[in-house]
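Structure first, then comments.
There are 2 protein chains.
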Amino acid sequence: MERLEDPPDVVIRRLPLYARSLRYLLDEGINSVSSQELGERINVTAAQIRKDLSYFGEFGKQGIGYDVEKLFNHIERILGLTQSWPVVLVGVGHLGQAIARYDGFHSQGLQIVGLFDTDPLKIGQKVADVEICAYAHMPQVIHDTNARLAIVAVPASDAQPVADILIDAGIRAILCYAPIILQTPDDVWVRYIDPVAVLHSMTYYLAREHM
Amino acid sequence: MERLEDPPDVVIRRLPLYARSLRYLLDEGINSVSSQELGERINVTAAQIRKDLSYFGEFGKQGIGYDVEKLFNHIERILGLTQSWPVVLVGVGHLGQAIARYDGFHSQGLQIVGLFDTDPLKIGQKVADVEICAYAHMPQVIHDTNARLAIVAVPASDAQPVADILIDAGIRAILCYAPIILQTPDDVWVRYIDPVAVLHSMTYYLAREHM
DNA sequence: CGCATTCTGTGAAGTGTAGCACTAAGTTCC
DNA sequence: GGAACTTAGTGCTACACTTCACAGAATGCG
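Those protein sequences? They're chains A and B, same order as listed. Residues in the first sequence are numbered from -14 upward in steps of one, following the working numbering. Residues in the second sequence are numbered from -14 upward in steps of one, following the working numbering.
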């Protein structure tokens, strides 16, 4: 029986990992998988996978497991990945360029449709076939492309004003690489990528080894 | 009274955010802060900050709050950031170069002491004053520099063998940018940076708006 | 100098998530 | 075709984390 409750956010965050693992299984030509096997690949317990999926329906067969392709398609549909999502990227420094050039976005339904920077020398140039524009063009591009997703790869000092412009222009979800917590309205989703903080949390454990 | 229990990992993960926010406060010339004010800056409740800190001691003054510099130094000490940590980086593509060139690592106690790649054209070149070496040199460099931290920025297909080499050479903590879950011994810490998965978890919510 | 105010540290209560363990359903093989 | 085996879905339990709410400590002000 299908559940009535909304799936918790932790579950939503795991879905992309399930989807990716299933994609790899497909590439390997494996077309059936049990929760046990899938769990071993991504270091999650079998029970957790089954419970997570149960928020969305019943996708497996008892005694067999899951049809890889069918489950993959289901999860893509749940995540809204049957369509391609336009994304704008603000900040075309080393990191921004690396992101713009990474084809992992494009192949996974994320199309970079706008690049923005403040550097006059960069404006007008192209990276990965997309022209770099001034901040002033953000609202227009976001409107024209109907982008709802943005990646912020600017220095910490610029991130908040950039986020304000983006949100004002209609962006509803931000992936922020700047080392700062953004202040945003409740109806905007913000997630952070913060390698320095992650490394610092690991130095805690390393410093405690052999003590 | 100091607590006896080990602080949970979620707490450890928040400490770097506290430290960073305190650093910004210092830069602003603010030298006293309440848990309330600190919490508003990083979107965490005041109670959570106080409870988190209570795992490590008593750092505040009732009626006053926390001395910014003292608390900052305490957290740095807890995280083991009174020393600089040598880090090796494997994979010097666009992303690897962006990481190697980012001075946010160096200024935060993370010194990149080794760069490795398989591309013969890259080997021998320097990025940010560090020479790119072949994989074969990894054990030697890790031994010589006493590195315990590694960043993996190679394609998914190379990540597992690279991790195996690193761990074998003495690396104890890995920050993995490759879109794959690494299989590692229990005494090695692994964290992932996975922008595509993060964006995919947000498309879930965007796809459900106006429904 | 004492009362109102501010703010920490923490036991207790509340919340949310993960894992267990069982039922039921499907498969395989003899 | 039936016995042994595999595995999904799920109620329940246990645990871990967060939040509440209050006691105690420091300050300021009238």
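In this text, a Cβ means the ideal position worked out from N, Cα and C, and glycines have one as well.
Determine, using beta carbons only, whether B/M123 and B/F90 come nearer to each other than 8 Å.
Against the second sequence, residue 123 of chain B aligns to sequence position 138. Against the second sequence, residue 90 of chain B aligns to sequence position 105. No.
Take every Cβ of the stretch 70 to 80 of chain B, pair it with every Cβ of the stretch 67 to 77 of chain A, and state whether three or more of those distances are shorter than 8 Å.
no
B/A121 - containing alpha helix (DSSP H), residue span:
Taking the first residue of the second sequence as position 1, residue 121 of chain B is located at position 136. Premise fails: B/A121 is in no alpha helix (DSSP H) and is neither H nor E.
Would B/Q82 pass as an interface residue toward chain A - the criterion being a Cβ-Cβ separation below 8 Å?
Counted from its first residue, the second sequence places residue 82 of chain B at position 97. So, interface residue.
DSSP state of A/I117 mapped onto helix, strand, coil
Start at 1 with the first residue of the first sequence, and residue 117 of chain A comes out as number 132. Strand at A/I117.
Measure how close the beta-carbons of A/A144 and A/C118 come, nearest whole angstrom, since I'm counting them as under 8 Å.
Here residue 144 of chain A is taken as the residue at index 159 of the first sequence, counted from 1. Here residue 118 of chain A is taken as the residue at index 133 of the first sequence, counted from 1. That pair is no contact at about 18 Å.
Beta bridge counterpart(s) of B/K55 as assigned by DSSP
Along the second sequence, one-based indexing puts residue 55 of chain B at 70. Answer is none; B/K55 lacks a bridge partner.
Limits of the unbroken alpha helix (DSSP H) element including B/Y162
Here residue 162 of chain B refers to the residue found at position 177 when the second sequence is read from its first residue. That residue, B/Y162, is in no alpha helix (DSSP H); it is neither H nor E in DSSP.
Which ranges would you report for the alpha helix (DSSP H) in the stretch -7 to 39 of chain B if only whole runs of at least 4 residues count?
At a cut-off of 4 residues, the continuous stretches assigned as alpha helix (DSSP H) that sit fully inside the stretch -7 to 39 of chain B are -6 to 12, 20 to 27, 31 to 39.
Would you mind stating whether B/E54 and B/L11 have Cβ atoms separated by less than 8 Å?
Taking the second sequence and counting its residues from 1, the one referred to as residue 54 of chain B is at position 69. Taking the second sequence and counting its residues from 1, the one referred to as residue 11 of chain B is at position 26. Yes, they are a contact pair.
Tell me which residues share the same chain as B/V147 and place their Cβ nearer than 7 Å to its Cβ, disregarding the 5 neighbours each side in the sequence.
For the purposes of this step, residue 147 of chain B is taken as residue 162 along the second sequence, with counting starting at 1. Result list for B/V147: V75, V137, V139, in chain order.
For A/L23 and A/S39, the rounded distance between their alpha carbons
Numbered from its first residue, the first sequence carries residue 39 of chain A at position 54. Numbered from its first residue, the first sequence carries residue 23 of chain A at position 38. About 15 Å.
Should A/R(-12) be flagged as near chain B, meaning a C-beta pair shorter than 8 Å?
As a working note, residue -12 of chain A is residue 3 in the first sequence. Bear in mind that a pLDDT of 46 at A/R(-12), under 50, signals an unreliable position, so the model cannot answer this.
Taking only the alpha-carbon atoms, compute the straight-line gap between B/E13 and A/S186 and give it to the nearest angstrom.
Within the second sequence, residue 13 of chain B is the residue found at index 28, counting from 1. Within the first sequence, residue 186 of chain A is the residue found at index 201, counting from 1. Distance between the alpha carbons of B/E13 and A/S186: 25 Å.
Just list the residues that DSSP pairs A/Y177 with in beta bridges.
Translated into positions along the first sequence, residue 177 of chain A becomes position 192. Beta-bridge pairing links A/Y177 to A/C161.
Supposed contact pair B/P164 and B/V181 - C-beta distance, whole angstroms, cut 8 Å:
Locating residue 181 of chain B in the second sequence gives position 196, where the first residue counts as 1. Locating residue 164 of chain B in the second sequence gives position 179, where the first residue counts as 1. Their Cβ separation, rounded to whole angstroms, is 6 Å, which keeps B/V181 and B/P164 in contact under 8 Å.
Indicate whether at least one CB of chain A lies closer than 8 Å to the CB of B/L106.
Here residue 106 of chain B corresponds to residue number 121 of the second sequence, with the count starting at 1. Output row for B/L106: interface = no.
Could I get the ranges of all uninterrupted alpha helix (DSSP H) runs contained in the stretch 36 to 105 of chain A, with 4 residues as the minimum, in chain order?
Correct list: 53 to 64, 79 to 86, 88 to 91.
Just the chain B side, please: which residues come within less than 9 Å of A/V18 by C-beta, in chain order?
Counted from its first residue, the first sequence places residue 18 of chain A at position 33. None at all; the shortest Cβ gap to chain B is about 15 Å.
Is the Cβ of A/I(-3) closer than 8 Å to any Cβ of chain B?
Counted from its first residue, the first sequence places residue -3 of chain A at position 12. It does; some Cβ of chain B falls within 8 Å.
Contact residues within the stretch -2 to 17 of chain B, judged by C-beta distance below 9 Å to chain A
R(-2), R(-1), L0, P1, L2, A4, R5, S6, Y9
Can you give me the Cβ contacts of B/A154 inside the same chain, cut-off strictly under 6 Å, excluding the 5 residues immediately before and after it?
Working through the second sequence from its first residue, we reach residue 154 of chain B at position 169. Apart from the 5 residues on each side of it in sequence, B/A154 sits with its Cβ closer than 6 Å to the Cβ of M123, P124, I127 in its chain, given in chain order.
For B/I152, which three-state DSSP category applies?
As a working mapping, residue 152 of chain B is identified with position 167 in the second sequence. Note: B/I152 maps to helix in three-state DSSP.
Is the Cβ of B/V181 closer than 8 Å to any Cβ of chain A?
Start at 1 with the first residue of the second sequence, and residue 181 of chain B comes out as number 196. For B/V181, the answer is yes, since a Cβ of chain A falls inside 8 Å of its Cβ.
Is any beta-carbon of chain B found at less than 8 Å from that of A/N28?
Translated into the one-based positions of the first sequence, residue 28 of chain A becomes position 43. Chain B, which has a Cβ nearer than 8 Å to the Cβ of A/N28, makes this yes.
Residues sharing a beta bridge with A/A135, DSSP:
Residue mapping note: residue 135 of chain A aligns to position 150 of the first sequence, counting from 1. For A/A135, which the question treats as bridged, DSSP gives the partners A/V73, A/I159.
Where A/P170 falls, given that 16 or more other Cβ within 10 Å makes a residue buried
Here the question's residue 170 of chain A lines up with position 185 in the first sequence. A/P170 is exposed by the Cβ-count criterion.
For B/D37, does the count of other Cβ atoms within 10 angstroms reach 16, so buried, or fall short, so exposed?
In the second sequence, counting from the first residue as 1, residue 37 of chain B sits at position 52. Under this definition B/D37 is a buried residue.
By how many angstroms is the C-alpha of A/Q96 removed from the C-alpha of A/T211?
For residue 211 of chain A there is no data in the structure shown, the boundaries of chain A being -14 and 196.
Note down the Cα distance separating B/Q21 from B/I178, rounded to an integer number of angstroms.
The count along the second sequence starts at 1 and reaches residue 21 of chain B at position 36. The count along the second sequence starts at 1 and reaches residue 178 of chain B at position 193. One C-alpha to the other measures close to 30 Å.
For A/A158, go through chain B and note every residue whose CB falls closer than 9 Å to its CB, in chain order.
Here residue 158 of chain A corresponds to residue number 173 of the first sequence, with the count starting at 1. The contacting residues are L184, M187, T188, Y190, L191.
Closer than 6 Å by C-beta to B/L134: which residues in its own chain qualify, once you throw out the five before and the five after it? Chain order, please.
Start at 1 with the first residue of the second sequence, and residue 134 of chain B comes out as number 149. Taken in chain order, the residues that qualify are W70, V72, A158.
Could one say the Cβ of B/E194 lies closer than 8 Å to chain A's Cβ atoms, at least one of them?
Translated into the one-based positions of the second sequence, residue 194 of chain B becomes position 209. Interface with chain A (8 Å Cβ-Cβ cutoff): B/E194 is included.
B/R35 at chain A interface by Cβ criterion, 8 Å
By 1-based counting over the second sequence, the position of residue 35 of chain B is 50. The Cβ of B/R35 sits no closer than 8 Å to any Cβ of chain A.
Can you grab the Cα-Cα spacing for the pair A/L7 / A/E(-10), in whole Å?
Taking the first sequence and counting its residues from 1, one reaches residue 7 of chain A at position 22. Taking the first sequence and counting its residues from 1, one reaches residue -10 of chain A at position 5. Roughly 25 Å separates the two Cα atoms.
Taking the alpha-carbon positions, what's the B/Y9 to B/L2 distance?
In the second sequence, counting from the first residue as 1, residue 9 of chain B sits at position 24. In the second sequence, counting from the first residue as 1, residue 2 of chain B sits at position 17. Each residue's Cα considered, the two are about 11 Å apart.
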